[in-house]
Amino acid sequence: MEKLIINGGHSLHGTVDISGAKNAAVAILPASIMVNKGISIIDNIPDIADIHCIERIIESLGCKVNINNDCVSIDSTCLNNINACTDDVRKMRASYYLIGALLGRFKKARVELPGGCPIGVRPIDQHIKGFEALGAHVNIEHGAVNVHADRLIGANIFFDVVSVGATINVMLAATLAEGVTTLENVAKEPHIVDVANFLNTIGANIKGAGTDVIRISGVKELSGCSYSVIPDQIEAGTYMIATAACGGEVTLNNVIPKHLESISAKLTEMGVQVIENGDSITVKSNGKLKCTNVKTLPYPGFPTDVQQPLSTLLSIINGRSIVNESIWESRFKHVDELKKMGANIKVEGRTAIIDGVKRLTGATVLASDLRAGAALIIAGLIAEGTTEVKGIDHIDRGYPNIEYKFNKLGADIVRITYNEEVL
Ligand code: EPZ
Numbered sequence: 379m380e381k382l383i384i385n386g387g388h389s390l391h392g393t394v395d396i397s398g399a400k401n402a403a404v405a406i407l408p409a410s411i412m413v414n415k416g417i418s419i420i421d422n423i424p425d426i427a428d429i430h431c432i433e434r435i436i437e438s439l440g441c442k443v444n445i446n447n448d449c450v451s452i453d454s455t456c457l458n459n460i461n462a463c464t465d466d467v468r469k470m471r472a473s474y475y476l477i478g479a480l481l482g483r484f485k486k487a488r489v490e491l492p493g494g495c496p497i498g499v500r501p502i503d504q505h506i507k508g509f510e511a512l513g514a515h516v517n518i519e520h521g522a523v524n525v526h527a528d529r530l531i532g533a534n535i536f537f538d539v540v541s542v543g544a545t546i547n548v549m550l551a552a553t554l555a556e557g558v559t560t561l562e563n564v565a566k567e568p569h570i571v572d573v574a575n576f577l578n579t580i581g582a583n584i585k586g587a588g589t590d591v592i593r594i595s596g597v598k599e600l601s602g603c604s605y606s607v608i609p610d611q612i613e614a615g616t617y618m619i620a621t622a623a624c625g626g627e628v629t630l631n632n633v634i635p636k637h638l639e640s641i642s643a644k645l646t647e648m649g650v651q652v653i654e655n656g657d658s659i660t661v662k663s664n665g666k667l668k669c670t671n672v673k674t675l676p677y678p679g680f681p682t683d684v685q686q687p688l689s690t691l692l693s694i695i696n697g698r699s700i701v702n703e704s705i706w707e708s709r710f711k712h713v714d715e716l717k718k719m720g721a722n723i724k725v726e727g728r729t730a731i732i733d734g735v736k737r738l739t740g741a742t743v744l745a746s747d748l749r750a751g752a753a754l755i756i757a758g759l760i761a762e763g764t765t766e767v768k769g770i771d772h773i774d775r776g777y778p779n780i781e782y783k784f785n786k787l788g789a790d791i792v793r794i795t796y797n798e799e800v801l
């Protein structure tokens, strides 16, 4: 097993290159298996465990996958298996995109139910509602989703909740359906637009991604293309918050500042300087920050995926901050770990009441999920003394080269292998 040892107390200075967006790439790779002519070459793919998992899964379906640094080429013309039932499928959330992609291309699929971060109940009823509206029969048996359709026919679908996963999954299936599909009350996250752009590049006809209504005119076939994934809004937000917490001046390269507006606005309100410059953004903090309240919301609201890092920052700001998590029912598992480091936080349902303390102190803490891990790394960076972060396999699922990137900015993080003591 591995853990990170962090010696805290260093301010951050320099530049950091932001990688491609995890939540776009984990949908675009499954989307590429719908291509039946030519090869897809996709770059700016982040080097993270969730991507390696998806690559193994699509290979197991019969695709030829070649990886060259951050560029992946996929030949899906020889795909011959519609059963995605491996441990990798069960491990990660985004494997559910194989249902929409296989259903679109072959009108049938069998995909194990997905895993992912333990942040609350994660139903897929809206995905199923969408597939059924297109004419598919769906049942869940022995832990797998079985879908099949004689024909997929365009339909009007109004989602009951705004869901990133359901929006993308139904968009995938509808791409190869007959006629026009209209999706209403859809998610508008930057990765929704990126997946739609990728699909249009391989020959789909999708309009309206990034608004509340997406219209998809079904096409008969899709052809390979070259495509570059957008930068990761959440990785960028994490480094912005870390800089605010540690103090210093960091320029983030390869970002789309527009995607970061809610994070930039919140940090600015707290007294952090955020300067946009083309595809980079500079964050300056002198450590004298104001407490604030925040509520997580679908895009363009404040993203749930940086709520945990932000709550670490708020834990050392004088005064009371209130954090309301409106997307996930159980996304405060990092709080008990922050308390071990001296934070004063009370969780009531989906609200965290944070009374800022003067400092955090190093401790051994356990990451329960991906963004909890990022929150604990930031806690270690600002804490007095040494922090050990365990459970870092969660962090490796979503943050490429995290200790290398932080160390380049002046942090002191070492990854070590250890054997868990058996009592
Ligand atoms: C995606 O999860 C992201 N994961 C999550 O990021 C992110 O937190 C989330 O969107 C919200 O932005 C990936 O893209 C792989 P949802 P997803 O469907 O698609 C409810 C990270 O840290 N809902 O938008 O699973 C659901 O319970 C991860 O990178 C239904 O009720 O999220 C939740 O309350 C964690 N029925 C809300 O909608 C459904 O059928 C939003 O979920 C689907 C969702």
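When we follow our numbering, the leftmost residue of the sequence shown carries the number 379, and every step to the right adds one. Backbone N, C-alpha and C fix where the C-beta goes; we use that ideal spot for every residue, glycine too. Everything numeric in this text was worked out from a predicted model, so none of it was measured.
With a 10 Å radius around its C-beta and 16 neighbouring C-beta atoms as the bar for buried, classify residue i as buried or exposed.
i    : result
V650 : buried
H505 : buried
Y777 : buried
S604 : exposed
P501 : exposed
I731 : exposed
I608 : buried
E726 : exposed
I653 : exposed
C431 : buried
C456 : exposed
E798 : exposed
E567 : buried
A643 : exposed
H712 : buried
D771 : exposed
E437 : exposed
M379 : exposed
Y796 : exposed
H569 : buried
K361 : The shown model of the chain, from 379 to 801, leaves out residue 361, and the question about it has no answer.
V792 : exposed
H515 : exposed
N547 : buried
Quickly, what does DSSP pair residue i with across the bridge? List them, please.
i    : result
N446 : C449
H515 : H526
Y605 : I420
D733 : R698 and N722
A487 : V525
K415 : S601
S663 : G626
Residue i: which of the options sits nearest, CA to CA?
i    : options                   : result
N401 : G482, S473, I419 and T553 : S473
G740 : I570, A750 and E762       : E762
L759 : G626, R698 and R709       : G626
I445 : I420, K598, E519 and Y796 : I420
V700 : I694, S689 and R709       : Sequence inspection shows Ile at residue 700; the Val mentioned does not correspond to that position. Selected option, being the one with the closest Cα: S689.
H520 : R488, P496 and V548       : R488
L600 : N664, M412, P635 and P408 : M412
E707 : A514, T674 and D657       : T674
L439 : N664, P408, N385 and D425 : P408
I612 : A753, I435 and N664       : A753
Q685 : N722, K636, V548 and I756 : I756
T729 : T629, D714, S704 and E715 : S704
S410 : S451, D395, V394 and E562 : S451
I396 : I426, I383, K381 and G387 : I426
G478 : A544, N447 and A522       : A544
Quick one: what does DSSP say residue i is sitting in, helix, strand or coil?
i    : result
G398 : strand
G679 : coil
F536 : strand
Y475 : helix
H391 : strand
T455 : coil
R500 : coil
I773 : helix
A462 : strand
N575 : helix
L600 : coil
S658 : strand
E815 : In the structure displayed, the chain extends from 379 to 801; residue 815 sits before or after that span and is not available.
N547 : helix
V633 : coil
Can you tell me where the beta strand (DSSP E) holding residue i begins and where it ends?
i    : result
E654 : Q651 to N655
R709 : Here R709 belongs to no beta strand (DSSP E), and DSSP marks it neither H nor E.
D466 : Counting along the chain, D466 falls outside any beta strand (DSSP E), though it belongs to the alpha helix (DSSP H) covering D465 to K469.
R793 : I791 to T795
I613 : In the sequence under discussion, the amino acid at residue 613 is Glu, which differs from the Ile named in the question. It is not in any beta strand (DSSP E) - E613 instead sits in the alpha helix (DSSP H) that spans Q611 to C624.
T560 : V558 to E562
S595 : V591 to S595
K673 : N671 to K673
Provide the residue span of the alpha helix (DSSP H) that contains residue i, from first to last.
i    : result
K783 : I780 to K786
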